[in-house]
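Visitor: Once you've had a glance at the structure underneath, I'll fire off some questions.
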Ligand code: DQA
């Protein structure tokens, strides 16, 4: 099985960015743990701060990966283009968020991508990504 973990804007700063909200662990460090935990799964990883890059990567992997785990960051709340890209590909996409967006500012309560995704996992810290991987193991 091959899964793509796809992170959007500002998630390159995990570990340094608002640690009270997002924790103090870098994604690269967490990814190492995930790869050890799931040696039987190929976990590809890509991060970009640019909406078009994320769309390009969805197109590139969206017909061959077994699944995509997408934290679109703030583009979650703004991007019809990401919604359309998710609908355009055949790989199932799970939307994840580290924080519980529903406990935060009202502008985070709307997701423009959820309706195009297989499911949504939010609020479990970095463990949200592992829970998404588990959903593909069934
Ligand atoms: C986030 C939540 C978004 O609202 C925010 O813009 C992020 C991170 C999360 O993982 O909790 O950048 O997607």
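Residue numbers (our numbering): 59 to 196. A virtual CB, placed ideally from N, CA and C, is assigned to each residue, including glycine.
Residue 153 lies in the beta strand (DSSP E); which residues open and close that run?
Guide: Taking the chain shown and counting its residues from 1, the one referred to as residue 153 is at position 95. Where residue 153 is concerned, the enclosing beta strand (DSSP E) stretches over 151-155.
Visitor: Counting along the chain, where does the alpha helix (DSSP H) carrying residue 99 start and finish?
Guide: Position 41 of the chain shown, counted from the start, is the residue given in the question as residue 99. Per DSSP, residue 99 belongs to no alpha helix (DSSP H) and is neither H nor E.
Visitor: Using a threshold of 7 Å, is the CB atom of residue 136 nearer than that to any non-hydrogen atom of ligand 1?
Guide: In the chain shown, residue 136 corresponds to position 78, counting from 1. Because no heavy atom of ligand 1 lies under 7 Å away, the Cβ of residue 136 does not count as near it: no.
Visitor: Quick check on DSSP: helix, strand or coil for residue 131?
Guide: Counting from one through the chain shown, the residue named residue 131 turns up at place 73. It is helical.
Visitor: Helix or strand or just coil, what does DSSP make of residue 61?
Guide: Taking the first residue of the chain shown as 1, we reach residue 61 at position 3. Looking at residue 61 - three-state DSSP - the assignment turns out to be strand.
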